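As structure tokens, the structure follows; a few thoughts come after it.
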């Protein structure tokens with residue numbers, strides 16, 4: 002499912018980004034299939050052993066896929082045993098876009114992750130994305146779920162920067 006800035010664009014206002022964040026359930030067959038799906042002549046794909054090791058992490062696994070010609074990057078986050086990822090996958094949304102279907106993380110997930118990223122790195126772009134999402138899609142939010150995840154992830158002080 003798509004998350005991060007690209008999902009924030011769907012739920013908020015357009016902005017420039019040079020990558021896409023993806024959360025993925027990957028099994029051994031999926032890992033082996035990456036080399037076929039992203040041929041080495043066109044893409045950088047980490048060694049399959051590295052991907053397998055990242056998939057095995059209980060939390061915070063990560064690897065990149067990079068289109069060599071354009072430099073466009075996909076940050077892939079395996080689901081691990083993260084309960085927020087599991088919740089988001091159950092509620093992911095299929096959105097039609099230019100004749101295709103894009104699978105998006107729910108907006109509450111995107112907000113909570115952006116609050117975590119802000120806490121970790123301090124980048125204002127995350128807060129801007131959240132404010133944009135609240136302005137454009139705020140009526141669609143499951144406020145009870147959002148509040149619960151903000152508390153469970155311990156990002157209440159970051160939430161105060163955008164909500165109040």
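Residue numbers (my numbering): 2 to 165.
Quick reminder that beta carbons are idealized off the backbone N, C-alpha and C, glycines included.
A quick note: this is a predicted structure, and the numbers were derived from the prediction, not measured.
Paired residues, beta bridge with residue i - DSSP
i           : result
residue 45  : 67
residue 4   : 22
residue 102 : 97
residue 87  : Looking at the DSSP assignment, residue 87 forms no beta bridge with any residue, so it has no partner.
residue 75  : 21 and 66
Whole-number beta carbon distance between residue j and residue i, since they are thought to touch under 8 Å
i           : j           : result
residue 63  : residue 78  : 5 Å
residue 167 : residue 106 : Absent from the structure is residue 167, since the part of the chain shown begins at 2 and ends at 165.
residue 13  : residue 137 : 5 Å
Closest Cα partner of residue i within the set the options
i           : options               : result
residue 117 : 92, 151 and 12        : 151
residue 52  : 30, 70, 131 and 156   : 30
residue 76  : 70, 55, 107 and 89    : 55
residue 97  : 5, 6, 4 and 11        : 11
residue 92  : 119, 99 and 147       : 147
residue 139 : 163, 154, 88 and 124  : 163
residue 73  : 26, 41 and 18         : 18
residue 154 : 130, 137 and 83       : 83
residue 8   : 141, 134, 144 and 161 : 134
residue 59  : 26, 125 and 45        : 26
residue 115 : 103, 129, 104 and 102 : 129
residue 42  : 66, 24 and 57         : 66
residue 80  : 57, 71, 111 and 142   : 57
Endpoints, beta strand (DSSP E) assigned at residue i
i           : result
residue 116 : Residue 116 -> not in any beta strand (DSSP E); alpha helix (DSSP H) instead, spanning 108 to 122.
residue 163 : Looking at the DSSP string, residue 163 is not in any beta strand (DSSP E); the run it does join, the alpha helix (DSSP H), is 157 to 164.
Residue i, buried or exposed, once every other Cβ within 10 Å from all chains shown has been counted against 16
i           : result
residue 85  : buried
residue 158 : exposed
residue 109 : buried
residue 1   : This structure cannot speak to residue 1, because the chain is shown only from 2 to 165.
residue 119 : buried
Endpoints, alpha helix (DSSP H) assigned at residue i
i           : result
residue 148 : 144 to 154
residue 35  : 29 to 38
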